[in-house]
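K.L.:
Got a structure here, written out as structure tokens. Questions coming.
In the UniProt record's numbering, the protein residues as written are 1 to 329.
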């Protein structure tokens, strides 16, 4: 088998569990200098298919390529890059930007049910306090007559630009897990209203004063009240775009992002890591350190969706029975 001669073996995009026998068969081909890579752009809650049996946890993965900044390779959906000091700042026209904002808030999702929390229920409750335009499989409105319609993506972007706010509700509440939902809104000039990564972590990764986090509020009523206040106060709303003069959003397209695990750039980073690992083993006598997917550095990175009780009530109990077998995104 080709795996027997490989220096690196990348495990990625595996949706269902592999059997114990399959893991054991693959391990028979793993030689002393070969390294296995745990690679995912999904949260720890959604990649159970990549987990080896517990008793093989220290024999399988050596490196990790995830969205977390502490893993060997970090693959993110997007990032904020401040402009270099001394470089001309971007011209940003607040008046022109605001003139295009004809709508208040939207939510778009391709999957209604999620594993960790009831985001559809959250939107349902928010709709009792303010009008939310909902799109996608879970929504009441449509943008394109069919997903394959020509220029559908452009139509979607142009429509989203007309909203002041967008609900950026991640399928999981995990540290540093920020998907295209969030970064797209920033790029399009919409203020994200977030449930997902903890507030204190998101502040370090996002542009300054660029988003609203649900956990900043004592209740849903208070959050809705604040959104309506911003809708009626142009000066306060404009403050969420000051960062546009100071930096920019960097992000791949979705097809590019899903190919990132096997892209030249990622493989080069992993090969460099392999070389470093080999040097440490041969010259310094440092033993191999496995990447344990059951350790706190991975398993415990998914946390509660908020500190406040009103947010915690949307989290599913451990014994919750899901209706759908398709729970991605």
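We treat Cβ as the ideally placed atom computed from N, Cα and C, and that holds for glycine.
No experiment lies behind these values; they were computed from the predicted model shown.
With C-beta atoms as the reference, is residue 181 less than 8 Å away from residue 170?
P.N.:
Translated into positions along the chain shown, residue 181 becomes position 181. Translated into positions along the chain shown, residue 170 becomes position 170. Taking 8 Å as the Cβ cut-off, residue 181 and residue 170 qualify as a contacting pair.
K.L.:
For residue 141, which beta-bridge partners are listed by DSSP?
P.N.:
Position 141 of the chain shown, counted from the first residue, corresponds to residue 141. Beta-bridge pairing links residue 141 to 135.
K.L.:
Output the distance between the C-alpha atoms of residue 236 and residue 230, rounded to the nearest integer angstrom.
P.N.:
One-based indexing of the chain shown puts residue 236 at position 236. One-based indexing of the chain shown puts residue 230 at position 230. Cα to Cα, residue 236 sits roughly 6 Å from residue 230.
K.L.:
Residue 94: which of 255, 164, 20 sits nearest, CA to CA?
P.N.:
In the chain shown, counting from the first residue as 1, residue 94 sits at position 94. Per the Cα distances, 164.
K.L.:
If you drop the 5 nearest sequence neighbours on each side, which residues of the same chain put their C-beta closer than 8 Å to that of residue 11?
P.N.:
On the chain shown, residue 11 is found 11 positions in, with the first residue counted as 1. Within the same chain, residue 11 has close Cβ partners 36, 37, 38, 39, 50, 61.
K.L.:
Is it the case that the Cβ atoms of residue 194 and residue 211 are separated by a distance below 8 Å?
P.N.:
Here residue 194 is taken as the residue at index 194 of the chain shown, counted from 1. Here residue 211 is taken as the residue at index 211 of the chain shown, counted from 1. Yes, the pair counts as a contact, with Cβ atoms nearer than the cut-off.
K.L.:
At the level of alpha carbons, what is the spacing between residue 297 and residue 80?
P.N.:
Sequence index remark: in the chain shown, residue 297 carries index 297 (1-based). Sequence index remark: in the chain shown, residue 80 carries index 80 (1-based). Distance between the alpha carbons of residue 297 and residue 80: 24 Å.
K.L.:
Who are residue 163's beta bridge partners in DSSP?
P.N.:
Within the chain shown, residue 163 is the residue found at index 163, counting from 1. BP columns for residue 163 point to 103.
K.L.:
Measuring only the C-alpha atoms, how far is residue 68 from residue 127?
P.N.:
In the chain shown, counting from the first residue as 1, residue 68 sits at position 68. In the chain shown, counting from the first residue as 1, residue 127 sits at position 127. In a straight line, the C-alpha of residue 68 is about 33 Å away from that of residue 127.
K.L.:
Give me the Cα-Cα distance between residue 190 and residue 99, rounded to the nearest whole angstrom.
P.N.:
On the chain shown, position 190 is the one that residue 190 refers to. On the chain shown, position 99 is the one that residue 99 refers to. Approximately 13 Å between the Cα atoms of the pair.
K.L.:
Under the three-state reduction of DSSP, which class applies to residue 64: helix, strand or coil?
P.N.:
For the purposes of this step, residue 64 is identified with residue 64 of the chain shown, where counting begins at 1. DSSP places residue 64 in strand when its eight states are reduced to three.
K.L.:
Measuring only the C-alpha atoms, how far is residue 25 from residue 112?
P.N.:
For the purposes of this step, residue 25 is taken as the residue at position 25 of the chain shown. For the purposes of this step, residue 112 is taken as the residue at position 112 of the chain shown. Taking the straight line from one Cα to the other gives about 38 Å.
K.L.:
Can you have a look at residue 4 and say buried or exposed, based on whether 16 or more other CB atoms are within 10 angstroms of its CB?
P.N.:
Along the chain shown, read from residue 1 onward, the residue named residue 4 stands at position 4. That one is exposed.
K.L.:
Going along the chain, which residues of its own chain have a beta-carbon closer than 8 Å to the beta-carbon of residue 299, five neighbours each way excluded?
P.N.:
Position 299 of the chain shown, counting from 1, holds the residue named residue 299. These residues qualify, in order along the chain: 44, 293.
K.L.:
Under the DSSP definition of a beta bridge, which residues are partnered with residue 11?
P.N.:
Position 11 of the chain shown, counted from the start, is the residue given in the question as residue 11. In DSSP, residue 11 forms a bridge with 38.
K.L.:
Can you tell me whether residue 315 is helix, strand or coil according to DSSP?
P.N.:
Here residue 315 corresponds to residue number 315 of the chain shown, with the count starting at 1. DSSP places residue 315 in strand when its eight states are reduced to three.
K.L.:
Buried or exposed for residue 185, going by 16 or more other Cβ atoms inside 10 Å?
P.N.:
On the chain shown, position 185 is the one that residue 185 refers to. Classification of residue 185: buried, given that the 10 Å Cβ count is 16 or more.
K.L.:
How would you call residue 325, buried or exposed, if buried means at least 16 neighbouring beta carbons within 10 angstroms?
P.N.:
As a working note, residue 325 is residue 325 in the chain shown. Unreliable positioning characterises residue 325 in this predicted model, as indicated by a pLDDT of 49, which lies under 50. A coordinate reading is not provided.
K.L.:
Run through DSSP, which three-state label would residue 78 get?
P.N.:
For the purposes of this step, residue 78 is identified with residue 78 of the chain shown, where counting begins at 1. DSSP places residue 78 in strand when its eight states are reduced to three.
K.L.:
Could you tell me if residue 20 is buried or exposed, where buried requires 16 or more neighbouring beta carbons within 10 angstroms of its beta carbon?
P.N.:
Mapped onto the chain shown, residue 20 falls at position 20. Exposed, because fewer than 16 other Cβ atoms sit within 10 Å of the Cβ of residue 20.
K.L.:
Determine, using beta carbons only, whether residue 183 and residue 247 come nearer to each other than 8 Å.
P.N.:
Residue numbering aside, residue 183 sits at position 183 when the chain shown is read from its first letter. Residue numbering aside, residue 247 sits at position 247 when the chain shown is read from its first letter. Contact: no.
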